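417 is the number of the first residue of the sequence shown in the numbering used here; add one for each residue after it.
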Amino acid sequence: MITINIESLPLMERQRWLQAAIAPRPICFASTIDASGNVNLSPFSFFNLFSTNPAIVIFSPSRRARNNTTKHTLQNILEVPECVINIVDYDMVQQTSLSSCEYAKGVDEFIKAGFQKMPATLVKPPMVQEAKVKLECKVQEVKSLGDQGGAGQLVIAEVLCMHVDESILGEDGKIDQRKLQLVARLGGDWYCRVDEASLFKVTKPNTELGIGIDNLPPGIRNSSFLTGNHLGMLANVHTLPEIDPVFTDDRLKEIVQYYAVNPQEMEKELHRYAGELLNAGNVTAAWQVLLYGETA
């Protein structure tokens, strides 16, 4: 492992290391307007949700590292403290990237990138019609982190309302993550696409405390085959499971019969099989297989 002293790096090199490691980052596609009515549209990947009551998002149109100038988005917000954050999905990512070109002040990125304006309901800047989720926001504060190139300029904004395209809703009337193919920024020219093939679920910890990895039986905790992810799944139970006398599994029977004369090899095979079950999300069956090995 190498150690990198961030403060000793040239600014652009520092940016490359940090942006490649701290990712993926959601994209704030912000539309703003100045006091004269000129509209600006620009993406920012220093962005996230920070509070739900009040509903607060923060994004950062940082000072340019190259020449320490400020961006039109920031200039507009200081004149008219409102914005619309248009959420970027895969269908619009190339146009969004195009809008990040440093066009001159007064050039309309809606036109340059080929997006349609849609009037907002509570704020002055227009919305991006093509965006499937739009957040109308009132800027509460702009907090500067410095006056040097690369310094963040935190735009702290309250979400007043959301507009959500019905095409991305599930049967429950809520956003279905499988239908909204979000994109996010990585380092350099890299992005990632959130689609059904890349999605997976992690069961939230129980409302009752999980037993923790430290309370797993030593033979399981020190397994050569079970990963940290596997152990985390096994430890997310509020009591140590017991052998279920009615549990039956053909693969378990085969392992027991084949390795009956070699307990060490049997344990390896049981742990290997438990890992497969955990990969498939079957924690209950994995526990039963492992418990058999603990008592064999």
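Think of the CB as a built atom: it goes at the ideal place given N, C-alpha and C, for glycine as much as any other residue. Note that the structure is a prediction, hence the values are computed from the model and not measured.
{"Check": "What are the start and end residues of each continuous alpha helix (DSSP H) run of 4 or more residues lying completely inside the region 514-543, in chain order?", "Outcome": "525-529"}
{"Check": "Exposed or buried, what is F462 when buried is set at 16 or more other beta-carbons lying within 10 Å of its beta-carbon?", "Outcome": "buried"}
{"Check": "State the CB to CB distance for the pair T619 and C577, rounded to an integer number of angstroms; the pair is presumed to be in contact (CB under 8 Å).", "Outcome": "With 8 Å as the limit, T619 and C577 do not qualify as a contact, their Cβ atoms being about 32 Å apart."}
{"Check": "Going along the chain, which residues of its own chain have a beta-carbon closer than 7 Å to the beta-carbon of I591, five neighbours each way excluded?", "Outcome": "V580, I584, L585"}
{"Check": "Relative to the alpha-carbon of E552, which residue among A529, K559, I501, K595 has its alpha-carbon at the smallest distance?", "Outcome": "I501"}
{"Check": "Tell me which residue opens and which closes the alpha helix (DSSP H) that M649 is part of.", "Outcome": "644-650"}
{"Check": "At 4 residues or longer, and completely inside the region 543-577: list those alpha helix (DSSP H) runs for me, N to C.", "Outcome": "none"}
{"Check": "Quick check on this structure: which residue in S478, L656, P440 has the alpha carbon closest to the alpha carbon of L561?", "Outcome": "S478"}
{"Check": "Tell me where the alpha helix (DSSP H) around V705 begins and ends.", "Outcome": "699-711"}
{"Check": "Using DSSP's beta-bridge definition, name the partner residues of T468.", "Outcome": "A471"}
{"Check": "Kindly indicate which three-state DSSP category R430 falls into: helix, strand or coil?", "Outcome": "helix"}
{"Check": "Can you name the residues that DSSP bridges to I501?", "Outcome": "A446, L551"}
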